[in-house]
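Protein chains in written order, with our numbering: chain A, 22 to 547; chain B, 2 to 613.
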């Protein structure tokens, strides 16, 4: 058991060198309590272990505690003391140090029980700790003071949803919307409450409205799609689920609501790690400017952290500022020269800037550090290909395919290099065998390979696969594209009538297929 | 104002009060002579099960003395908090369940003694361990026997010394002896069971290369199942991320304190599907589109009830996969369309372990996925056609799991009432600040969870669970990972083994009093005398819905369970028949006795012609 920490607060009370801390507090409070029962009720906040925290955070927490200590020593103004406890709680809360945060909020409330902000925060801590009933009790108390607070109703609605009480949740979400008509999170909550109550039509409406009000709230796509699915509206459902599928990582995209209390809390964190987290969320939400600002703040605090440099580099890449990205990645690799992933990323950025020698050097080094780093091998192969070193590129693609024979991109790129080397026969053999034994599931991919075979002269085998694709139960667009490619190949081999027929079929299936129209026009021209 | 030390409560386990307590309150009360005090301990409160617990922890007493070594130093390598798994399987065909426990290894450079928690002498050399169950012959009846384990690793020829993650079990060569597939951070191993040698000891040989079963990436869970119904068990291997020591990332908590990285810091890896071509495997990963995701738990089943084997993969921080097999043998991921990819709110969660079973008694396969703290575990209820509703909150599973990071899990009928209950074993993956404040040397431990299924009789017909963790008999709080279930003492109720990261394995023996009726079945094939993984069985009862179960060893997290089926029948012995749907799609009815285990062989029952 760790011994209790001592602060100036205790020293101010009774001189902690002489007395045990708890006894000291006890005696002090005995004296105080007789005069002020509210002070007597205060509890001892547990002290988090700050041994490994960032210096800026230690400083911030230390300053806040010093302020509280000083206030305690004066003990002149209960309201100010409450406020200091609340602020201390906020700071712990912001850094996810929940037990001391809760203790501080409770102390603040003992001193000023009518402050809804501390109730709101304390309810949030309890919610995070899975104590829903305690959270609900406190929110109820807070709403007794401020009945028209959207954030309070919103939080209460979420607690009620978690307590499987959709009717009560709905009432709170409605109240939140009444208080703030722009609160999309409350609208979304109404959708969730309606769905939980089995009212799917209403749920759909609320989800749709949420998306209309906040188009960036992509999280809504999935519940909306699922609810439509439940209603048997398959096509509509598919539309939203397809959009949802594009979000591989579910970071960001939540419906939001103006919440000054919450904003105040998140604005308190000053660690580089906190800025990195906020930057990451912003980047995933497509808000690159915000991400950049957060990463810059992190950089100011931790200029020698390679992860900060890497994050900054990634936003520069996303915004097309490749020179800036290169600078950050170079610095990151200088700081962490043994990190294969960083070295690889630097190689990628260099290659995108056309710095092929530098790119090759980094990618080879990344592979040295981590031979299994397949993306590095693939990119190195591409760099070699671009530099015209096709023998080396083929060697690298072979290595990838040895480990993963299903890697279509590697196979196609290898084929290109082989063709450049005049080794068409090997391509025909390779692609033909693949198509015959294990054709790709994706018809578009299969079509691409069949076209390649045809252009290399293996028309018989290509035709067989064109027919196979047309026999598939695939969307009309796939069939149209297949007819288009067949038409183009027929045109190349001088089968004009056959080409026209195929192209017309393509246009029957997809009247707006511009490439088919253009090819047909070329055939029609003298 | 003083600043106390340590935690105010164990996460999620102690009720809150606005009333101050403890020394201060006591002193105040004494000084002012007034006011009530309440008792609020600043210390973690150990779980104190009631006198009657569901399980009794008896690992050490029964010879299961395994202690996991995670190889940690100061590097905070993500791999050190992820392992390891456990299997319960009958390696020597003597009718009782033996135990295989997966071991870690040193991560990074140095020697074992440089590790933060060096392994004991008893655990050296570091290797996975095989423990033979020496249950006496009398164990094979309802009374159960005296279960005792003996470490037979060395004589068995097993030498799994990689950084072990998981284990899958199945008789891949159809010789009647169950084999082992061990996943590692690095190359995997396929151990072929050679049967008993002249001394009567079971022995194994490493056939990874000749059977083409390796995967050099970071593999985690695996599943043996004959997905193509050719009579040979195929193998699905889930792969996690591309972590290697050389590429270790440094991550921090919000305060900037060093902490473990999550999967988002690394590139996800594609899973692997290996098709068994008569005792050797062919890479069939193209059938699952080779899509990269940070996969952890995997379970097979027939989720859309079309007679074909599907796979469900719990992905960590990315949408889960539900690979539905198509008529041509290919697989399409339909998790997103069918409601089993994300949380109810549309967020990808940190999928760890996964259980599959008919938890609501309607004849189809439901799913439970364990997640990180603050996400809740998720119960996906199948509507019969392979579309899923999120039943987490409505069933009462949400709140109790909100503060837990779950890994191993299983649907198991702990009280033999015919309803599948839920066990979820937990342990954090990032430092728990309350434990850090206590200067806990390994601040990741959490209590485990046990939920009793109350059926649909309460709450307007909705499925409900009761949190009975406090009565489970769990051993305090561990960093639990792998969980394997099975009737280890053959007494007709379900037991389980937990492999704890950086801690001792736990053997939880069910303390159910005799009373509830039960029926045990082992299903073996017509051609090969192996467990028929994938077979589906219904116990048909008069005037009550049949109990459906599937023969499987997969599911959970990194682990493999008893393929035998154990049906709890409540207080009735009245059953009409047992209907078996074999992987071959043949259907047969059998008459079997209640109150013991019976072996059912394919082709020896009454053929059933009607369509299911």
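Cβ atoms here follow ideal geometry from the backbone N, Cα and C, with glycine treated the same way. Given the structure is predicted, the values throughout are model-derived calculations rather than measurements.
Minimum C-alpha distance to residue i - residue among the options
i	options	result
residue 467 (chain B)	B:589, B:126, B:214, B:450	B:450
residue 604 (chain B)	B:585, B:430, B:595	B:585
residue 132 (chain A)	A:117, A:155, A:106, A:157	A:106
residue 496 (chain B)	B:503, B:474, B:164, B:502	B:474
residue 383 (chain B)	B:376, B:355, B:339	B:339
residue 480 (chain A)	A:394, A:449, A:319	A:449
residue 410 (chain A)	A:228, A:378, A:122, A:148	A:378
residue 403 (chain A)	A:277, A:289, A:372	A:372
Residue i at chain B interface by Cβ criterion, 7 Å
i	result
residue 141 (chain A)	no
residue 391 (chain A)	yes
residue 92 (chain A)	no
residue 172 (chain A)	no
residue 247 (chain A)	yes
Distance cut-off 6 Å: residue i Cβ against heavy atoms of the ligand NAD
i	result
residue 102 (chain B)	What this structure holds is no ligand at all, so the ligand NAD is not there to describe.
Length of the line joining the Cα atoms of residue i and residue j
i	j	result
residue 72 (chain B)	residue 97 (chain A)	55 Å
residue 36 (chain B)	residue 61 (chain A)	In this prediction, residue 36 (chain B) scores a pLDDT of 28, lower than 50, which makes its location untrustworthy; no coordinate-derived value is stated.
residue 336 (chain A)	residue 307 (chain A)	10 Å
residue 54 (chain B)	residue 424 (chain B)	14 Å
residue 208 (chain B)	residue 186 (chain B)	18 Å
residue 365 (chain B)	residue 243 (chain B)	36 Å
residue 394 (chain B)	residue 181 (chain A)	11 Å
residue 206 (chain A)	residue 226 (chain A)	14 Å
residue 253 (chain B)	residue 262 (chain B)	8 Å
residue 110 (chain B)	residue 503 (chain B)	19 Å
residue 79 (chain A)	residue 73 (chain A)	9 Å
residue 336 (chain B)	residue 265 (chain A)	12 Å
residue 355 (chain A)	residue 363 (chain A)	10 Å
residue 551 (chain A)	residue 330 (chain B)	It is not possible to answer for residue 551 (chain A), since the shown part of chain A is limited to 22 through 547.
residue 593 (chain B)	residue 599 (chain B)	7 Å
residue 472 (chain B)	residue 508 (chain B)	16 Å
residue 346 (chain B)	residue 295 (chain B)	21 Å
residue 453 (chain A)	residue 408 (chain A)	28 Å
residue 26 (chain B)	residue 244 (chain A)	In this predicted model, residue 26 (chain B) has a pLDDT of only 31, less than 50, meaning its place in the structure is not dependable; the value taken from the coordinates is given anyway. If I take the Cα positions, the gap works out to 49 Å.
Residue-chain proximity (residue i, chain A), Cβ-Cβ < 7 Å
i	result
residue 292 (chain B)	no
residue 253 (chain B)	yes
residue 341 (chain B)	no
residue 607 (chain B)	no
residue 393 (chain B)	no
residue 111 (chain B)	no
residue 403 (chain B)	yes
residue 245 (chain B)	yes
residue 338 (chain B)	yes
residue 330 (chain B)	no
8 Å Cβ shell around residue i - same chain, five flanking residues per side excluded
i	result
residue 528 (chain A)	501, 534, 537, 538, 541
residue 287 (chain A)	115, 299
residue 160 (chain A)	140, 141, 144, 173, 176, 177, 180
residue 309 (chain A)	303, 336, 339, 340
residue 185 (chain A)	217
residue 169 (chain A)	196, 199, 200
Residues near residue i by beta carbon distance below 6 Å, same chain, minus five either side
i	result
residue 26 (chain A)	In this prediction, residue 26 (chain A) has a pLDDT of 32, which is less than 50 and means its spatial position is unreliable; nothing more can be read from the coordinates.
residue 283 (chain B)	276
residue 385 (chain B)	365
Buried or exposed by the 16-neighbour rule on C-beta atoms within 10 Å, applied to residue i
i	result
residue 1 (chain B)	Lying outside 2 to 613, the shown extent of chain B, residue 1 (chain B) is not represented and no answer is given.
residue 188 (chain A)	exposed
residue 486 (chain B)	buried
Residues of its chain near residue i, where Cβ-Cβ distance is below 7 Å and the 5 sequence neighbours each way are ignored
i	result
residue 484 (chain A)	none
residue 198 (chain B)	204
residue 52 (chain A)	Note that residue 52 (chain A) scores 45 on pLDDT, short of 50, meaning its location in the model is unreliable; the coordinates nonetheless yield the value given after this. For residue 52 (chain A), where only same-chain residues beyond five positions count, there are no Cβ hits under 7 Å.
residue 326 (chain A)	293
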